[in-house]
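Chemist:
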Amino acid sequence: MHDHRQRETLITLAGAGVRSGGRVLVEGVDLTISRGEIVTLIGPNGSGKSTTAKMVTGVLRPGVGTVTRKPGLTIGYVPQKLAIDWTLPLTVERLMTLTGRFSPGEIEEALEAVGAARLRKAAVQELSGGEFQRVLFARAMIRKPDLLVLDEPVQGVDFSGEVALYQLIRQIRDKTQAGILMISHDLHVVMAETDTVICLNGHVCCRGTPNAVKTSPEYLRLFGDRAGSALAIYEHHHDHEHHEDGCVVGVHGEHEHSHGHQHEHGEPGHVR
Amino acid sequence: MFGDFFSRALIAGVGLAAVTGPLGCFVVWRRMAYFGDTMAHSALLGVALSILLSVNVTLGVFAVAALVAGALLLLQKQNTLSTDALLGILSHSSLAVGLVIVGFLTQVRIDLMGFLFGDILAVSVEDIAIIYGGGIAILAILMLNWRPLLAATVSPELAEAEGLRPEVSRIILMLLMASVIAIAMKLVGVLLITSLLIIPAATARRLSATPEMMAAIAAVLGGLSVVGGLFGSRTWDTASGPSIVVMALALFLLSLVVPTARLFGRRDHYGT
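Same order as they appear, the protein sequences are chains H and A.
At position 61 of the first sequence (counting the first as 1) the number is 61 in full-length UniProt numbering, and the numbers step up by one without a gap.
At position 251 of the second sequence (counting the first as 1) the number is 251 in full-length UniProt numbering, and the numbers step up by one without a gap.
In C-alpha cells form, the structure reads like this:
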C-alpha cells in the first residue's frame with residue numbers, strides 16, 4: 001500500500017559502533033532506513049538497541065563507522081517512558097509544543113490523527129498508559145518528521161491497546177510516508193508490516209523480513225533455548241474498527257505462536 | 001520614591017520576587033531545592049574571597065556559586081557518591097571554609113547575621129539598580145531559552161533526540177541560579193534565598209494549568225509575600241527577611257485549603 005518505487009534514503013549507518021569506558025556497547029551496525037519503511041530492532045537487554053537508536057537520533061556519535069543523514073532530516077521521537085512529575089502542570093495541548101511552535105490548528109490535526117482530540121485540555125498526569133502513548137505519537141508527528149523513532153512503543157500497554165498502537169503506527173506510515181525505526185520491547189514480537197528486522201546482540205546477528213528472521217539459524221541459536229522463543233508476528237487485517245476513544249472492536253489479529261497454543265483475542269477490548 | 005528605606009525595601013523585594021518566581025519553578029520541577037541551598041551556602045565563601053582579593057562582592061559570590069555548581073557536575077560524572085551526599089559535602093564544607101577565611105580577615109568585620117538573614121531594609125539605590133539590571137537580564141535569558149529549558153526539564157532524552165541541547169540548558173539554569181543568589185544575598189540572606197525560589201513556585205502549582213501560568217503566578221505570589229511580609233514586619237516589629245518567608249508560607253498553606261485541583265485536569269474521569 002505504500003510506494004515502493006521512489007524510496008528516498010533517510011539515514012544510513014555503516015559499520016557504526018559505540019564504545020564506552022573501554023567496553024563495546026554495539027559495533028558493526030549497518031542499517032538503512034528509507035521513506036515509508038519500518039525497521040524493527042530486537043535483541044536481549046544490553047544488546048545495543050538503544051545505543052543504535054541513539055546513533056540514529058544523533059544523541060550518540062559513533063566511535064567507529066559512519067552515520068549519514070539526509071540533509072535537513074527531521075526526527076520525531078517517542079521515548080520509552082516519560083514520567084512527568086506532578087509539580088509540572090502540563091496539558092496535552094502544551095505538551096504538543098514542547099520542542100517547537102505549532103498553531104492550534106496543527107495541534108488539533110495531530111491529536112485528531114491519533115484519535116486523541118478530546119484529550120486536548122487534559123493534564124498529562126491524568127492520562128492512562130494507552131492515551132499517553134497516543135499523545136506522545138501525536139507530539140512526535142506534529143513535527144512532520146521524515147523519520148520517526150519509537151522506543152518500545154507498546155511497553156506497558158495492555159493487549160488490545162497494543163493492537164491499536166500497531167495499527168496506528170501502520171496508519172502513520174501509510175499516511176505520512178515517514179521512515180520508522182522501532183525498538184521492540186519483546187524479543188519475540190515484531191509488527192507484520194516491518195520491512196526489516198535487525199536482531200542485535202552487541203553486533204548485528206541476523207536481519208531480514210520478519211519471516212526470514214523467524215527461521216534464521218542465528219536467531220534460533222541466540223534465542224532458541226528460551227521457552228516460547230519463536231518470533232511472533234502481528235498481522236493486522238482490515239476487519240476491525242478502531243474507535244476514537246481507543247476502543248478496538250472485533251480484532252482478529254493473528255498472533256502467531258509455534259509453541260502449541262493460540263491466544264483468543266476476538267473480544268472487544270479497551271485501551272484503558 | 002527611593003526616599004525612605006521602606007519604599008526601597010519594597011521595590012527591591014518585589015523586583016527580586018519577579019525573578020525568583022519563574023526561576024523557582026525550574027528548581028521545583030527539576031528537584032533542585034537542595035542544590036539551590038548548596039549554592040546559597042557557598043555564598044559566604046564568595047564574600048570572604050571577594051574581600052580577600054578585593055573584588056566586587058556580587059561578582060565574587062556569583063563566581064563561587066557557579067564554581068560549586070560546576071564542581072557538582074564534575075563529581076556527578078564520576079558516578080561514585082550519590083548526589084545528595086555530594087551536595088552535603090559541598091554545601092557544608094564551602095560554608096565552613098568561608099567561615100574560616102572570615103576568621104583570617106582581621107582588618108574587616110563581616111556582619112554574619114546580616115549575611116545569614118539579609119537586611120532588606122538597608123538596600124541602597126545602587127542595590128536596586130543591581131537587582132533590576134540583573135533581574136531583567138535573568139528574565140530575558142529565561143524567556144529566550146524557555147522552550148529548550150522546559151523541554152530539557154520534561155525529558156533530556158527527548159529534547160536531545162529532536163535537536164535541542166539539554167546539557168546547555170542545564171548549565172544556563174545553574175548560571176541563572178548563581179546570579180540570583182548573588183543578587184538576593186543582601187536582601188534575604190543565604191539561609192532564606194531558596195525559600196523565595198521554592199515556596200511561591202510550590203504555591204503556584206495548585207493554581208496553574210500550564211508551566212507559563214505557574215511561572216507568572218509564582219512571580220506574583222512572591223511579590224505578595226514581600227509586600228505582606230514587609231508590612232507585617234513594620235506593624236509587629238519583626239525581622240523583615242524571615243517575615244517575608246513567613247508570609248510566603250502563609251500563602252502556601254492558604255493554597256492547600258483552596259480546592260483548585262478540580263479546576264484543572266480531568267481527575268474525576270481518568271484514574272492513572
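Backbone N, C-alpha and C fix where the C-beta goes; we use that ideal spot for every residue, glycine too.
Which residue wins for smallest C-alpha separation from H/Lys144, given the options H/Thr194, H/Arg101, H/Phe132, H/Ser184?
Modeler: Counting from one through the first sequence, the residue named residue 144 of chain H turns up at place 144. Among H/Thr194, H/Arg101, H/Phe132, H/Ser184, the Cα nearest to that of H/Lys144 is on H/Arg101.
Chemist: Does the contact criterion of 3 or more C-beta pairs under 8 angstroms hold for the stretch 160 to 169 of chain A versus the stretch 52 to 70 of chain H?
Modeler: The stretch 160 to 169 of chain A, when compared against the stretch 52 to 70 of chain H, does touch it at the 8 angstroms Cβ threshold.
Chemist: Kindly give me the distance between the Cβ atoms of H/Val67 and H/Met55, rounded to whole angstroms, as I take these residues to be in contact under 8 angstroms.
Modeler: Walking along the first sequence from the start, residue 67 of chain H turns up at place 67. Walking along the first sequence from the start, residue 55 of chain H turns up at place 55. H/Val67 to H/Met55, Cβ: 6 angstroms. Contact.
Chemist: Would A/Phe115 be called buried (16 or more neighbouring beta carbons within 10 Å of its own) or exposed?
Modeler: Residue mapping note: residue 115 of chain A aligns to position 115 of the second sequence, counting from 1. By the 10 Å Cβ count, A/Phe115 comes out buried.
Chemist: Please classify A/Asp111: is it buried, with 16 or more other beta-carbons within 10 angstroms of its beta-carbon, or exposed?
Modeler: The sequence position of residue 111 of chain A within the second sequence is 111, counting from 1. The residue is exposed, with fewer than 16 neighbouring Cβ atoms inside 10 Å.
Chemist: Kindly indicate which three-state DSSP category H/Ala14 falls into: helix, strand or coil?
Modeler: As a working mapping, residue 14 of chain H is identified with position 14 in the first sequence. If DSSP states are grouped into helix, strand and coil, H/Ala14 belongs with the strands.
Chemist: H/Pro210: buried (16+ other C-beta within 10 angstroms of its C-beta) or exposed?
Modeler: Numbered from 1 along the first sequence, position 210 holds the residue referred to as residue 210 of chain H. So H/Pro210 ends up on the buried side.
Chemist: Chain H partners of A/Ala159, CB-CB under 7 angstroms?
Modeler: Along the second sequence, read from residue 1 onward, the residue named residue 159 of chain A stands at position 159. Thr99, listed in chain order.
Chemist: Could you confirm whether any beta carbon from chain H is found closer than 9 angstroms to the beta carbon of A/Glu126?
Modeler: Here the question's residue 126 of chain A lines up with position 126 in the second sequence. So no, A/Glu126 is outside the interface.
Chemist: Below 7 angstroms on C-beta distance, what does A/Arg205 contact in chain C?
Modeler: Among the protein chains in the structure shown, which are H and A, there is no chain C.
Chemist: If you run the structure through DSSP and keep just helix, strand and coil, what is A/Leu10?
Modeler: One-based indexing of the second sequence puts residue 10 of chain A at position 10. Correct three-state label for A/Leu10: helix.
Chemist: Using the three-state DSSP reduction, which class does A/Leu67 fall into: helix, strand or coil?
Modeler: Reading the second sequence from its first residue, position 67 is the one you call residue 67 of chain A. If DSSP states are grouped into helix, strand and coil, A/Leu67 belongs with the helices.
Chemist: Quick check for students: name the residue ranges of the alpha helix (DSSP H) that lie wholly in the stretch 73 to 143 of chain H, counting only runs of 4 or more.
Modeler: DSSP runs (the alpha helix (DSSP H)) wholly in the stretch 73 to 143 of chain H: 92 to 96, 104 to 113, 129 to 141.
Chemist: Indicate, with yes or no, if the ligand SAM has a heavy atom lying under 8 angstroms from the CB of A/Gln76.
Modeler: The ligand SAM is not among the ligands present in this structure, which contains no ligands whatsoever.
Chemist: Mind reading off the beta-carbon distance from H/Gly179 to H/Gly36? Whole number of angstroms is fine, and I expect it under 8 angstroms.
Modeler: Stepping through the first sequence from its first residue, residue 179 of chain H is reached at position 179. Stepping through the first sequence from its first residue, residue 36 of chain H is reached at position 36. Rounded, the Cβ-Cβ distance is 7 angstroms, consistent with contact.
Chemist: Using a threshold of 9 angstroms, state whether the C-beta atoms of A/Ala182 and A/Gly222 are closer than that.
Modeler: To locate residue 182 of chain A, count along the second sequence from 1; it is residue 182. To locate residue 222 of chain A, count along the second sequence from 1; it is residue 222. Against a cut-off of 9 angstroms, the Cβ pair of A/Gly222 and A/Ala182 comes out as no contact.
Chemist: CB-CB under 8 angstroms to A/Ala71, same chain, minus the five flanking residues each way: which ones, in chain order?
Modeler: Taking the first residue of the second sequence as position 1, residue 71 of chain A is located at position 71. Hits under 8 angstroms: Leu90.
Chemist: Where DSSP assigns a beta bridge to H/Arg207, which residues make up the other side?
Modeler: Numbered from 1 along the first sequence, position 207 holds the residue referred to as residue 207 of chain H. H/Arg207 is bridged to H/Ile198.
Chemist: Let me know the secondary structure DSSP gives A/Ile136 once reduced to three states.
Modeler: If you number the second sequence from 1, residue 136 of chain A lands on position 136. Helix at A/Ile136.
Chemist: In terms of alpha-carbon separation, which member of A/Gly88, A/Lys186, A/Gly103 lies closest to A/Val57?
Modeler: Sequence index remark: in the second sequence, residue 57 of chain A carries index 57 (1-based). Selected option, being the one with the closest Cα: A/Lys186.
Chemist: Look up H/Thr40 in the DSSP assignment and give the residues it is bridged to.
Modeler: Counting from 1 along the first sequence, the entry for residue 40 of chain H is found at position 40. DSSP output for H/Thr40 lists H/Met182, H/Val197 as bridge partner(s).
Chemist: Between A/Met177, A/Ala250, A/Glu167, A/Ser155, which has its C-alpha nearest A/Asp37's C-alpha?
Modeler: Working through the second sequence from its first residue, we reach residue 37 of chain A at position 37. A/Asp37 has its Cα closest to that of A/Met177, out of A/Met177, A/Ala250, A/Glu167, A/Ser155.
Chemist: What are the residues that DSSP puts in a beta bridge with A/Val57?
Modeler: On the second sequence, residue 57 of chain A is found 57 positions in, with the first residue counted as 1. Answer is none; A/Val57 lacks a bridge partner.
Chemist: How many angstroms separate the CA atom of A/Leu230 from the CA atom of A/Val125?
Modeler: Here residue 230 of chain A is taken as the residue at index 230 of the second sequence, counted from 1. Here residue 125 of chain A is taken as the residue at index 125 of the second sequence, counted from 1. Between A/Leu230 and A/Val125, the C-alpha separation is close to 18 angstroms.
Chemist: Please state whether DSSP places A/Gly222 in a helix, a strand or coil.
Modeler: Numbered from 1 along the second sequence, position 222 holds the residue referred to as residue 222 of chain A. A/Gly222 falls in the helix class under three-state DSSP.
Chemist: Among H/Met182, H/Gly115, H/Leu25, which residue has its Cα nearest to the Cα of residue 283 of chain H?
Modeler: Examination of residue 283 of chain H is not possible in this model, given that chain H is present from 1 through 272 alone.
Chemist: Output yes if chain A places a C-beta closer than 9 angstroms to the C-beta of H/Val114; else output no.
Modeler: Within the first sequence, numbered from 1, the residue matching residue 114 of chain H stands at position 114. With 9 angstroms as the cut-off, H/Val114 does not count as an interface residue toward chain A.
Chemist: Just checking: is the beta-carbon of H/Thr40 within a distance shorter than 9 angstroms of some beta-carbon in chain A?
Modeler: In the first sequence, residue 40 of chain H corresponds to position 40, counting from 1. No, its Cβ sits nowhere closer than 9 angstroms to a Cβ of chain A.
Chemist: Just how far apart, CA to CA, sit A/Leu121 and A/Phe6?
Modeler: The residue labelled residue 121 of chain A in the question sits at position 121 within the second sequence. The residue labelled residue 6 of chain A in the question sits at position 6 within the second sequence. The straight-line gap from Cα to Cα measures roughly 6 angstroms.
Chemist: Could you check whether the stretch 75 to 90 of chain H touches the stretch 146 to 162 of chain H, counting it as contact only if at least three pairs of C-beta atoms, one from each stretch, sit closer than 8 angstroms?
Modeler: Output reads yes: the stretch 146 to 162 of chain H touches the stretch 75 to 90 of chain H.
Chemist: Only counting the same chain, and skipping five residues up and downstream in sequence, which positions put a Cβ closer than 6 angstroms to that of A/Ser169?
Modeler: Position 169 of the second sequence, counting from 1, holds the residue named residue 169 of chain A. Closer than 6 angstroms at Cβ, skipping near neighbours: Pro148, Leu149, Ala152.
Chemist: Check whether the Cβ of H/Val29 lies closer than 9 angstroms to any Cβ atom in chain A.
Modeler: Within the first sequence, residue 29 of chain H is the residue found at index 29, counting from 1. Closer than 9 angstroms: no.
Chemist: Looking at the secondary structure, which residues open and close the beta strand (DSSP E) in which H/Asp146 lies?
Modeler: Here residue 146 of chain H corresponds to residue number 146 of the first sequence, with the count starting at 1. Element bounds for H/Asp146: n/a, residue is neither H nor E.
Chemist: The beta strand (DSSP E) with H/Gly65 in it runs from where to where?
Modeler: Here residue 65 of chain H is taken as the residue at index 65 of the first sequence, counted from 1. That run of the beta strand (DSSP E) goes 64 to 69.
Chemist: Residues of chain A with a CB under 9 angstroms from the CB of H/Pro79: which are they?
Modeler: Reading the first sequence from its first residue, position 79 is the one you call residue 79 of chain H. What H/Pro79 touches in chain A: Ser155, Glu157, Leu158, Ala161.
Chemist: Any Cβ of chain A within less than 9 angstroms of the Cβ of H/Gly130?
Modeler: Counting from one through the first sequence, the residue named residue 130 of chain H turns up at place 130. No, H/Gly130 lies away from the interface with chain A (no Cβ there is under 9 angstroms from its Cβ).
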